[in-house]
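Residue numbers (the UniProt record's numbering): 1 to 688. One structure is given here, and the rest of the page talks about it.
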């Protein structure tokens, strides 16, 4: 704050002193004191023909300085009774081009032209910047014509801004033509071209520009590293990172994002641990890497460390953590995060709100997901897709259909992901006719060309319903090459309905397509075993073993008081294993005595004695998790289980019986969908 402003007022009649004081301003308080003195000197007189330099300096400070106030700059500008000068327009246009809504800069530019003023080489770079930041390439092209008419097309600053405009607008040909016209390419122009090529995935062209640069800054290096990382070309990114003469935190963050894209969580954490300085983006990148790699416990632990260090989370932090909780099915942790978001007054906008919807849906609380969704003020297509997908996962077909219709009534156009969700709902409910209708109307009604994922949903629907011939016909008439998922859906149908003839053909095709996918070998082996073709089953297992391919173990998890407990079949690693197996035997005995339960040994597709088969079934991972839930949850509490593979028929039947005999709700998420067990029934209606 300026001390004793009255004592220096006499100096204000000298314009150089006024400008000097404005340049030395540290806050708006000081600026307003100077402005008050300028007014007393008559610099805001309505009789003036031109804008004094002092007024232009005031607007410039308010519009551009980090200590300024854009609204105050507009107010000063609007107080000018006669036409403001070009310099005054330039100051405000510059400030507006840097603001959150740069479109205003373009409106002010139009007003400037309407008033008959001639823009100069200080005007155009910021008007073009406003077009670039607002993704308004067409408006930028119009401004480009004005540049040519004014004879400023060879001004280096104007050229650089135009190159960035065209490159950001993905008009790389236009950007390249301008770039080649430059008499001398500067650093900004080269970086703009590199950025444009990177955003279009043209890394070889970006590398060619990068290699020709005489001088490079950290932006040049970081843009290249980030581009290679986005494409998963992590070795190329690491090579540049190692060659980089001087790194900043964005360089490290780009590498973290690259490792995330590549799925290399170990090297990501190694990079993270070596960082000389971390900003919140670094923490968010590592959290995202953990979440995307399924290492949800590590993500939560990292967040706790982040909080302990006093680092304020952003919405990106919360999105990654909510994703991690959803992956784990950790409802208690998700509830704690939701409370944290509310307590910290983090805005539950469309992004955070959608992440909450996704978390609650994946944790089995579809009612909470629905409440959050309907509370959102703004719902974009991602939010709609998330709730529709959630409803489909829970088998709520009617709600899925109603949301699909409501989405369109509210003016949100469905996209290809929406149709995957709606077709999945049809698949889970066995709605063959509706599935066929939706696939047929995608192109004709909605203008969306069906992709292999959409055909895959309908193939799966047909195969699960036993319509194997029609599923085969659909595979043969698809306009694109069927992928492994489509063939896998058909193979699953062959397993359900015991069609070894078709299954053998499809299974061998899949093994050729995905020679390292253990599930393909297991499913074909099971088809042979179900047909009592034990020699063929053993051959497939031996083939798998010879290639060094291991079966993915079935893992079931249950969350208690925020702690995740994992179980595998026949697991004795848990510290309470004795109690768990005792409870499991107690449950089995009661089911046999009250409901006549007999293990479905047909589900054990290995050539062993019947008694051994019963034992194998009795210790499946989901049964161990349920027993552990009985040990620690109250009689009114729902038991929530998450399994990484499809639940077998025997475990499904047992869980239905438990829900009736013990009057207990059990919510289980397997690889395909949710199962809500209650009163002896399941929400899937035994169709999964």
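Virtual Cβ for every residue (Gly too), placed ideally from N, Cα, C. Computed from a predicted structure; not experimentally measured.
How far does the beta strand (DSSP E) with residue 560 in it reach, from first residue to last?
555-560
Thinking just about the alpha-carbon of each residue, which of 652, 417, 678, 406 is nearest to the one in residue 670?
652
Considering only residues of the same chain and omitting the five flanking positions on each side of residue 672, which have a CB-CB separation below 7 Å?
646, 688
Cβ neighbours of residue 132 in the same chain (closer than 8 Å, five flanking residues each side left out)
Only 140, 161, 164, 165, 168, 169 meet the Cβ criterion.
Look up residue 118 in the DSSP assignment and say whether it is helix, strand or coil.
coil
One or two residues paired with residue 676 in a DSSP bridge:
667
Burial state of residue 684, where buried means 16 or more other Cβ atoms lie within 10 Å:
In this structure residue 684 is buried. Its beta-carbon is surrounded by 16 or more other beta-carbon atoms within 10 angstroms.
Give a yes or no on whether the C-beta atoms belonging to residue 226 and residue 257 are separated by under 8 Å.
yes
What three-state label does DSSP hand residue 9 in the structure shown?
For residue 9, the pLDDT reaches just 43, beneath the cut-off of 50, and the residue's location in the model is therefore unreliable, leaving the point undetermined.
Is residue 232 helix, strand or coil by DSSP?
Correct three-state label for residue 232: coil.
Relative to the C-alpha of residue 582, which candidate in 542, 76, 549, 624 has its C-alpha closest?
624
What number of angstroms, rounded off, separates the C-alpha of residue 461 from the C-alpha of residue 665?
When only Cα atoms are considered, residue 461 and residue 665 end up about 28 Å apart.
Alpha carbon of residue 609 to alpha carbon of residue 289, nearest angstrom:
With a pLDDT of 47 at residue 609, under the threshold of 50, the modelled position of this residue cannot be trusted, and the question is left open.
Would you mind giving the Cβ-Cβ distance between residue 332 and residue 629, rounded to the nearest angstrom? I have them listed as a contact below 8 Å.
In fact, because the Cβ distance is near 13 Å, the residues do not count as touching under 8 Å.
Starting from the C-beta of residue 425, find all residues in its chain whose C-beta is less than 6 Å away, skip the five residues before and the five after it, and write them out in chain order.
392, 397, 400
Assuming residue 643 contacts residue 556 under a Cβ cut-off of 8 Å, what Cβ separation, rounded to an integer in Å, is found between them?
With a Cβ gap of about 5 Å, residue 643 and residue 556 count as contacting.
Endpoints, the beta strand (DSSP E) within which residue 566 is located:
563-568
Using a threshold of 8 Å, state whether the C-beta atoms of residue 375 and residue 350 are closer than that.
no
Between which two residues does the beta strand (DSSP E) carrying residue 642 extend?
639-643
Identify the continuous alpha helix (DSSP H) that holds residue 541 and give its terminal residues.
Per DSSP, the unbroken alpha helix (DSSP H) holding residue 541 starts and ends at 534-546.
Where residue 159 falls, given that 16 or more other Cβ within 10 Å makes a residue buried
buried
Quick check: what's the CA-CA separation for residue 76 versus residue 65?
15 Å
If you count every other CB in all the chains shown that lies within 10 Å of the CB of residue 355, and 16 or more means buried, which is it?
If you draw a 10 Å sphere on the C-beta of residue 355, you find 16 or more other C-beta atoms in it, and that means buried.
Just to confirm my understanding: we take residue 389, look at its own chain, exclude 5 residues before and 5 after, and list those with CB closer than 7 Å. What are they?
421
Going by the beta-carbon positions, is the gap between residue 491 and residue 476 smaller than 8 Å?
no
Nearest-angstrom Cα separation, counted from residue 22 out to residue 4:
Residue placement at residue 4 cannot be trusted, given a pLDDT of 48 that sits under 50; what the coordinates show is reported in the next sentence. Near 16 Å, if we compare the C-alpha coordinates of residue 22 and residue 4.
In the DSSP assignment, find the unbroken alpha helix (DSSP H) run with residue 363 in it and report its ends.
Careful: residue 363 lies outside any alpha helix (DSSP H) and carries neither H nor E.
Flag this pair as yes or no: are the beta carbons of residue 510 and residue 488 separated by less than 8 Å?
Yes; because the gap between Cβ atoms is below 8 Å, this pair is in contact.
So, residue 570 versus residue 619, is the Cβ gap smaller than 8 Å?
yes
Among 297, 573, 501, which has the Cα closest to the Cα of residue 533?
501
Inter-residue spacing [alpha-carbon to alpha-carbon] between residue 91 and residue 247
34 Å
By how many angstroms is the C-alpha of residue 347 removed from the C-alpha of residue 366?
22 Å
For a test of the three-state rule: what should DSSP assign to residue 682, helix, strand or coil?
Looking at residue 682 - three-state DSSP - the assignment turns out to be strand.
Helix, strand or coil: which one does DSSP assign to residue 80?
coil
Between the C-alpha atoms of residue 265 and residue 231, what's the straight-line distance to the nearest angstrom?
If I take the Cα positions, the gap works out to 16 Å.
Between 142, 73, 382, which lies nearest to residue 55 when the distance is taken from Cα to Cα?
73
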